[in-house]
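Residue numbers (the working numbering): 2 to 198.
We treat Cβ as the ideally placed atom computed from N, Cα and C, and that holds for glycine.
A quick write-up on the structure given underneath.
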């Protein structure tokens, strides 16, 4: 199944020229049949439900508190400039599906996700969702793609946000793939700087 053009357009807009760090999520969130309620990592403005976006910029840039209604553009510009890009395992929202249907869609999406990741040729990959890690770890490694962590990283909800940030920073800090930095700097003019560890 192809991804909805609305998501494709936003993803294309923010795709870096060269993907250095590829993030893989589970799927875009469901809009429950109302496009006005549609939200997404790459959509404006910041919403109360933008858990992944908030946590990614906190992990990479020590962003501080982001508030509902804030523009994401400065952070999206920075992510794109720094080569950070998000794709999802499933091409359609799965969070409103029954458990069995959700698992079925995710399992059926693995091969295509690995293909998309391979085409992007990232320097490192982080899977931002525990169950997606269980499905993707072996296929990504079989495809010789640079997965940066050996254990699942929990999706960053309120009770797991701090763990997500710590795990993402740890995954980046352990790698030296083609100069991928241990942690991205809060202030830098261009490219990557590192934060003192």
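Next item on the list: Buried or exposed for residue 27, please, with buried defined as at least 16 other CB atoms from any protein chain shown within 10 angstroms of its CB.
Entry: buried
Note to self: Quick check on this structure: which residue in 58, 66, 132, 128 has the alpha carbon closest to the alpha carbon of residue 79?
What the structure shows: 58
Next item on the list: Determine the extent of the alpha helix (DSSP H) in which residue 78 is found, giving its start and end residues.
Entry: 74-82
Notebook entry, point to check: Is residue 202 near residue 18, with beta carbons less than 9 angstroms apart?
Noted result: Here the chain covers residues 2 to 198 and nothing more, so residue 202 does not appear.
Notebook entry, point to check: Residues bridged to residue 89 by DSSP?
Noted result: 26
Check: Cα-Cα, which of 43, 132, 135 is closest to residue 76?
Finding: Considering only alpha carbons, the answer is 43.
Item checked: Stretch pair the stretch 142-156 + the stretch 111-130: three plus CB contacts closer than 8 angstroms -> With three or more CB-CB distances shorter than 8 angstroms, the stretch 142-156 counts as touching the stretch 111-130.
Item checked: With 16 other Cβ atoms within 10 Å as the buried cut-off, status of residue 9 -> exposed
Next item on the list: Starting from residue 166, follow the alpha helix (DSSP H) in both directions and report where the run begins and ends.
Entry: Unbroken alpha helix (DSSP H) run through residue 166: 162-174.
Next item on the list: Pull up the distance between the alpha-carbon of residue 47 and that of residue 68, whole angstroms please.
Entry: Looking at the backbone, the Cα of residue 47 and that of residue 68 are separated by about 7 angstroms.
Next item on the list: Find the nearest neighbour of residue 3 within the set 87, 128, 110, judged by alpha-carbon distance.
Entry: 110
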